[in-house]
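Remarks on the structure that follows.
There are 2 protein chains.
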Amino acid sequence: MHGVNVSAITSPLVWEHVQPAAARRLLTGAIDAFAERGFQATTTRDIASRAGMSPAALYVHYPSKERLLFEISRYGHQAALDVLRDADSGDSPAERLRSMVEAFTAWHAEHHTIARVVQYELAALTPEHLAEVATIRRAISAQIEQVLSDGVADGSLAVDDLPGTTLAVLSLSIDVARWYTPHRGDPAALGKLYAELAQRMVQT
Amino acid sequence: MHGVNVSAITSPLVWEHVQPAAARRLLTGAIDAFAERGFQATTTRDIASRAGMSPAALYVHYPSKERLLFEISRYGHQAALDVLRDADSGDSPAERLRSMVEAFTAWHAEHHTIARVVQYELAALTPEHLAEVATIRRAISAQIEQVLSDGVADGSLAVDDLPGTTLAVLSLSIDVARWYTPHRGDPAALGKLYAELAQRMVQT
Chain P
15 MHGVNVSAIT
25 SPLVWEHVQP
35 AAARRLLTGA
45 IDAFAERGFQ
55 ATTTRDIASR
65 AGMSPAALYV
75 HYPSKERLLF
85 EISRYGHQAA
95 LDVLRDADSG
105 DSPAERLRSM
115 VEAFTAWHAE
125 HHTIARVVQY
135 ELAALTPEHL
145 AEVATIRRAI
155 SAQIEQVLSD
165 GVADGSLAVD
175 DLPGTTLAVL
185 SLSIDVARWY
195 TPHRGDPAAL
205 GKLYAELAQR
215 MVQT
Chain G
15 MHGVNVSAIT
25 SPLVWEHVQP
35 AAARRLLTGA
45 IDAFAERGFQ
55 ATTTRDIASR
65 AGMSPAALYV
75 HYPSKERLLF
85 EISRYGHQAA
95 LDVLRDADSG
105 DSPAERLRSM
115 VEAFTAWHAE
125 HHTIARVVQY
135 ELAALTPEHL
145 AEVATIRRAI
155 SAQIEQVLSD
165 GVADGSLAVD
175 DLPGTTLAVL
185 SLSIDVARWY
195 TPHRGDPAAL
205 GKLYAELAQR
215 MVQT
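Going line by line, the protein sequences match chains P and G.
Start counting at 1 in the first sequence, then tack on 14, and there's your number in the numbering used here.
Start counting at 1 in the second sequence, then tack on 14, and there's your number in the numbering used here.
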């Protein structure tokens with residue numbers, strides 16, 4: 015994938031909640047390794063080595079490679095949901111939609127390395143962990159579906175297929191993580207363009 | 015990833031041009047293996063075994079695992095380009111856009127397993143092979159950019175950012191491969207919805 019040389023450790027995503035520092039180094043090392051080689055091809059030795067530790071030391075902090083993926087996936091999904099909720103403001107459904115799409119798109123450009131791991135490695139989670147992540151995914155979807163539904167109710171937005179359009183709006187932003195590299199432009203500008211395109215999708 | 019149990023060999027994509035049959039079995043086995051475990055974690059032994067062959071027999075047909083990926087990637091991209099070109103018909107830029115987005119979206123739903131391999135494993139190609147695939151990717155992009163540009167020229171479509179909107183239209187269809195599973199609906203119906211949404215993105 016493109017852009018894998020950008021270390022996740024330099025990302026503005028805040029990992030300070032992960033304590034102690036050794037656990038945090040393992041987690042950011044795992045993000046880089048999964049983004050570069052995929053979950054299946056990454057060994058715990060590889061992750062430990064990126065964190066300057068022995069494979070045995072990794073197991074002090076995480077019982078398995080899957081547990082690291084789950085922590086990354088849960089945190090990444092929760093961060094994306096928080097971005098949507100924080101951006102859900104405005105005087106009309108159209109303004110709220112623009113604000114959310116703008117923020118959600120910019121987040122997927124800025125955090126494209128984490129977003130790729132989170133989106134493309136879901137099948138590697140255990141059923142229990144996948145179920146927990148799926149709950150956050152439903153909340154993300156509900157956030158967009160609600161504003162479209164509010165717009166239909168007050169007659170300010172035109173939506174023929176509510177779940178299909180909800181998925182399309184989210185999909186447009188999420189796919190930014192696949193193709194985005196810093197030379198493709200500024201995340202904020204991309205957010206503004208996508209806010210405009212999403213609003214056009216549903217305007218009356 | 016979801017849907018990896020759907021064998022690529024059952025896909026309507028025509029692999030008959032790959033001769034002899036042993037080479038074709040290796041190729042479809044590689045698609046399934048790459049989709050299931052990723053390129054890096056797949057061994058030539060795994061691919062050979064899916065084709066009912068020995069690892070040594072694989073090398074009779076393909077010099078490397080990367081060569082298999084390249085054949086899949088080149089064919090997948092060319093098939094997607096052909097779909098766009100065949101669908102580029104209609105009396106107005108808006109009609110041409112609708113027709114292309116409808117076909118391109120349905121293709122990504124139907125062939126989601128191949129499309130994922132093709133889109134997510136680009137970084138595993140050699141620089142020479144990536145350059146060859148990039149040529150087809152530029153032709154795909156040019157196909158959409160041309161119709162938007164024609165619509166701007168005759169005043170029938172409104173596009174502020176031509177490359178950005180081109181990328182967004184393609185991205186919306188391509189991301190279908192990430193989330194699509196047969197229980198998410200009919201590829202043809204999805205194509206019609208996305209044609210409508212894409213047209214709305216650029217209507218005056």
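All C-beta atoms in this analysis are idealised placements derived from N, C-alpha and C, irrespective of residue type, glycine included.
Owing to the predicted nature of the structure, the values given are computational and were not obtained by experimental measurement.
Which residue spans inside the region 17 to 87 of chain P form an unbroken alpha helix (DSSP H) run of at least 4? 35 to 51, 58 to 64, 69 to 75
Say whether the region 178 to 194 of chain P touches the region 125 to 132 of chain P, bearing in mind that this needs 3 or more beta-carbon pairs closer than 8 Å, one atom from each stretch. In this structure the region 178 to 194 of chain P lies against the region 125 to 132 of chain P, because at least three pairs of beta carbons, one per stretch, are closer than 8 Å.
Provide the residue span of the alpha helix (DSSP H) that contains alanine 138 of chain G, from first to last. Note, alanine 138 of chain G: premise wrong, no alpha helix (DSSP H); not H, not E.
State the Cα-Cα distance for the pair glycine 199 of chain P and glutamate 85 of chain G, rounded to the nearest angstrom. 31 Å
Whole angstroms are fine: how far does the CA of serine 78 of chain P sit from the CA of leucine 144 of chain G? The C-alpha of serine 78 of chain P is placed about 34 Å away from the C-alpha of leucine 144 of chain G.
Can you list, in chain order, the residues of the region 169 to 195 of chain G whose Cβ is nearer than 8 Å to any Cβ on chain P? Correct list: Asp174, Asp175, Gly178, Thr179, Leu181, Ala182, Ser185, Leu186, Ile188, Asp189, Val190, Arg192, Trp193.
Under 8 Å, CB to CB, which of the residues in the region 55 to 77 of chain G have a partner in chain P? Residues passing the 8 Å Cβ filter: Ala55.
Tell me the rounded alpha-carbon separation between alanine 212 of chain G and glutamate 135 of chain G. C-alpha separation (whole angstroms): 27 Å.
Beta-carbon separation (whole angstroms), serine 87 of chain G vs valine 166 of chain G, contact threshold 8 Å: Incorrect: roughly 32 Å between the Cβ atoms, too far for contact.
Histidine 122 of chain P: first and last residue of the uninterrupted alpha helix (DSSP H) it sits in: 107 to 124
If distances are taken between C-alpha atoms only, which option among P/Val115, P/Val131, P/Gly178 comes closest to tyrosine 208 of chain P? When only C-alpha atoms are compared, the closest one is P/Val115.
Taking only beta-carbon positions, decide if valine 147 of chain P is within less than 9 Å of chain G. It does not; no Cβ of chain G falls within 9 Å.
Beta-carbon within less than 7 Å of threonine 180 of chain G's beta-carbon, same chain only, minus the 5 sequence neighbours each way: which residues are those? Ser155, Ile158, Glu159, Leu162
What residues in the region 98 to 122 of chain P have a beta carbon less than 9 Å from any beta carbon of chain G? Across the region 98 to 122 of chain P, no CB contact with chain G closer than 9 Å is found for any residue.
In its own chain, which residues sit with a C-beta less than 7 Å from the C-beta of leucine 204 of chain P, not counting the 5 before and 5 after it? Hits under 7 Å: Thr119, Ala120, Ala123, Val190.
Quick check: the Cα distance between aspartate 96 of chain P and aspartate 100 of chain G, rounded to an integer number of angstroms? Aspartate 96 of chain P and aspartate 100 of chain G: Cα-Cα distance of roughly 43 Å.
Give the single residue among G/Ala94, G/Asp60, G/Val32 whose Cα lies nearest to the Cα of histidine 75 of chain G. G/Val32
Given serine 103 of chain G, which residues of its chain have a CB within under 7 Å of its CB, disregarding the five upstream and five downstream residues? Arg110, Ser113
Give the range of the alpha helix (DSSP H) segment to which alanine 203 of chain P is assigned. That run of the alpha helix (DSSP H) goes 201 to 216.
Rounded to the nearest angstrom, what separates alanine 93 of chain P and arginine 39 of chain G at their Cα positions? 43 Å
Proximal residues, the region 26 to 56 of chain G versus chain P, C-beta separation under 7 Å: Arg51, Gly52, Gln54, Ala55
Quick one: list the residues of chain G neighbouring tyrosine 134 of chain P, beta-carbon separation under 9 Å, in chain order. Met15, Gly52, Arg130, Tyr134, Arg192
Does glycine 199 of chain G come within less than 9 Å of chain P when only Cβ atoms are used? yes
Nonlocal neighbours in the same chain, by C-beta distance under 6 Å from aspartate 175 of chain P, ignoring five residues either side: none
Under 9 Å between C-beta atoms of glutamine 54 of chain P and glycine 43 of chain G: no
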